[in-house]
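Structure record follows, encoded as structure tokens.
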Amino acid sequence: MIFCTNKSRKKKKIIKLDIFSSVLYNNFYVTFAQIKIVHTKNIRKKGGNTMKKRKIALACCAGLAVMLAGCASTDDVAESGGYKRVEQVLYPTPDDAFVADVMPIANNGKLELYYLYETTHNIQAYHPIHKFSTENFYKYEDEGLAVPTGIATEPDVAIGTGSIFKAKDGLYHCFYTGHNDSFAAQGKPKECILHAVSRDAVTWEKLKDEVLYAPEGYSNNDFRDPELLWCEEENCYWLLVATREEANGGIVAKFTSTDLKNWTFKGPLYAPHKQWMLECPDLFKMGDKYYLFFSWDCVTYYAVGKTMNGPFTAPKDNVLDGTNFIFYAAKTAEFKGDRYLCGWLGRSAEEGYDTGKYQWAGNMLIHQLVQHEDGSLGVKMPESMNEYFKAPKAVEVGAAEGKVDSRNGIFKLSAMKGERAVVDLGMREPTMLMECDVTIGADGIAGFAFGNPNKSFKGYYALALDAKRNCIHYEGYKLGGFENVASSEPIALTKFNFKPGTKHHVTVVVENEIVILYIDDAKVLSSRIYNSTNGAHMALFASEADAVFENVSVKVPQ
-5 MIFCTNKSRK
5 KKKIIKLDIF
15 SSVLYNNFYV
25 TFAQIKIVHT
35 KNIRKKGGNT
45 MKKRKIALAC
55 CAGLAVMLAG
65 CASTDDVAES
75 GGYKRVEQVL
85 YPTPDDAFVA
95 DVMPIANNGK
105 LELYYLYETT
115 HNIQAYHPIH
125 KFSTENFYKY
135 EDEGLAVPTG
145 IATEPDVAIG
155 TGSIFKAKDG
165 LYHCFYTGHN
175 DSFAAQGKPK
185 ECILHAVSRD
195 AVTWEKLKDE
205 VLYAPEGYSN
215 NDFRDPELLW
225 CEEENCYWLL
235 VATREEANGG
245 IVAKFTSTDL
255 KNWTFKGPLY
265 APHKQWMLEC
275 PDLFKMGDKY
285 YLFFSWDCVT
295 YYAVGKTMNG
305 PFTAPKDNVL
315 DGTNFIFYAA
325 KTAEFKGDRY
335 LCGWLGRSAE
345 EGYDTGKYQW
355 AGNMLIHQLV
365 QHEDGSLGVK
375 MPESMNEYFK
385 APKAVEVGAA
395 EGKVDSRNGI
405 FKLSAMKGER
415 AVVDLGMREP
425 TMLMECDVTI
435 GADGIAGFAF
445 GNPNKSFKGY
455 YALALDAKRN
465 CIHYEGYKLG
475 GFENVASSEP
485 IALTKFNFKP
495 GTKHHVTVVV
505 ENEIVILYID
515 DAKVLSSRIY
525 NSTNGAHMAL
535 FASEADAVFE
545 NVSVKVPQ
């Protein structure tokens, strides 16, 4: 996949202003200043120290508009108090940029995570391929640039998703998307598949004479996201490509080769003819079944087949993590005997605010895949994160509202129609692992709420386990927030089938505003919840339902 954005990013910075002048215009103060921005980033750079300070000095004239009237804010959260933002180690991003589509490969005892490097200042050349690596999902090494973009006259002036594969010749092969927006006006294909090789997975050489174009009858403008794999049964390499039949919509095309140079088109591997594209295809075997992941509609989907050639069928519920760019363009890799689903959590449409709307690219996000007895897939927190969260923290029971019974570590909440029950658990830690077992009454809603304890729960927002709608969702983007949780319709959600009287195991992983909720090794809802930061408290709640929370535990890093 390839995408260009030029949205502004509001990042925590130290900003120094030398003011030139200031005028009032249409209820705005417009200030002209010289700006110096200083900020820090704590991702480990290869060959460098863990803490890296980066200074950016910009000498420019900038218009800073400050409205005289009030504006939307997250002032419902408590004052920061002892809250301190932590280094982003679980869900990394590069300095002053974002992680887009991830291309994982297990190599030399590490999971190497190639990705499209997205910025807020893209020009004609954009999305070079960069790389992180990890051994445990809580320490990442930023290995920097892998494959650079081309120049304006080349097909890869912009780069789209691809895949990395170590072939039988001992070389590492990167097949990736070449994208040039200017080519369409020149009568040339806008997209094509390109090839680069490396002996050490560090230095890459582009094979510029090797270019694969869309076959006749398929779109020259939508031909991207190659996935390279080996087929033992056919004794050849496969290249899966996301493309579009001009008449029938998105498909996953299959090409084969014995030399990784000459490719033969074998037709569609998967052609549901339901969506415009099936981006970022990823095919693998788990147990006795084959799974094909693909992405569109701001969602990552999967289909299942009995053989490598299919036929593939999409389960009725084939989304593991959310809608609306919550988790997108995910590809998989097997690492140390387990398979991981590697994608990204989108940026909030307006950083610092809970809008329920996410933008393309953001933080790297990885789930561990689980195969159930019926062949369906589920997800859970990467098990190695338990090594990071080792220090137990006492659960602090605070104020309550409504019918709440908390004894012996068991919380029983009861709320009739139009009512709610809430119990405060103290300030939400900047990073933590919380686990509990939850039982929810029929058609009820329960879960976790975040807000300012000084406002008697009126400023709280709900991360909802919704048995009424059979989904998980976060209501921070709704007017009225927590009070409307029973009546509002969610925008971003993950479907989950709640059963009355059934105990569900819930795992919540938190790092700054990122909140990841797993349930029953089946589903996950990934969110950015700014209303849970800056000293906000965390609470348990039930809305129009009876709910029981037990075995509640909280752990933080040592």
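Mapping of the sequence shown onto our numbering: residues -5 to 552, in sequence order.
Think of the CB as a built atom: it goes at the ideal place given N, C-alpha and C, for glycine as much as any other residue.
Proximity winner among Gln353, Cys336, Gly337, relative to Glu607 (alpha-carbon distances): Within the shown structure, residues of the chain are numbered from -5 to 552, placing residue 607 beyond reach of any answer.
Does the beta-carbon of Asp540 have 16 or more other beta-carbons within 10 angstroms, so that it is buried, or is it exposed? buried
The beta strand (DSSP E) enclosing Cys292, as first and last residue numbers: Counting along the chain, Cys292 falls outside any beta strand (DSSP E), and DSSP gives it neither H nor E.
Provide the residue(s) that pair with Val555 in DSSP beta bridges, ordered along the chain. In the structure as shown, the chain begins at -5 and stops at 552. Residue 555 is therefore absent and cannot be evaluated.
Which one of Gly138, Leu511, Leu201, Tyr134 has the shortest CA to CA distance from Lys125? Checking every option, the nearest Cα to that of Lys125 belongs to Gly138.
Counting Cβ pairs closer than 8 Å, one from the stretch 197 to 205 and one from the stretch 271 to 285, do we hit at least three? no
Span of the beta strand (DSSP E) around Asp90: Here Asp90 belongs to no beta strand (DSSP E), and DSSP marks it neither H nor E.
Whole-angstrom Cβ separation of Pro447 and Ala393, contact assumed at under 8 Å? 7 Å
Name the DSSP beta bridge partners of Ala327, please? Tyr334
Might you give, ordered along the chain, the residues of its own chain that have their beta carbon closer than 6 Å to the beta carbon of Leu534, omitting 5 neighbours on each side? Excluding residues within five positions, the ones whose Cβ falls inside 6 Å are Phe405, Val417, Phe543.
Is it the case that the stretch 365 to 379 contacts the stretch 321 to 329, given that we only count it when at least three CB pairs across the two stretches are under 8 Å? no
For a test of the three-state rule: what should DSSP assign to Ser378, helix, strand or coil? Residue state, collapsed to three classes: helix.
Give me the DSSP bridge partner(s) of Ala247. Note: Ala247 sits in a beta bridge opposite Val235, Pro262.
Buried or exposed (CB count within 10 angstroms, at least 16 for buried), Gln362: buried
Just to confirm before moving on: does the CB-CB distance between Val398 and Ala415 stay below 8 Å? yes
Do Ile485 and Ala461 have their beta-carbon atoms positioned less than 8 Å apart in this structure? no
Which of the three DSSP states is assigned to Ala63 in this structure? A caution first: Ala63 carries a pLDDT of 25, below 50, which makes its placement in the model too unreliable to give a value.
For a quick check, are the C-beta atoms of Phe476 and Glu469 less than 8 Å apart? yes
Along the beta strand (DSSP E) that carries His361, what are the first and last residues, could you check? Per DSSP, the unbroken beta strand (DSSP E) holding His361 starts and ends at 352 to 365.
Is His189 buried or exposed, if buried means 16 or more other CB atoms sit within 10 Å of its CB? buried
Which one or two residues does DSSP pair with Leu222 in a beta bridge? Leu233
Evaluate contact between the stretch 161 to 172 and the stretch 216 to 227, counting only Cβ atoms and requiring at least three cross-stretch pairs below 8 Å. yes
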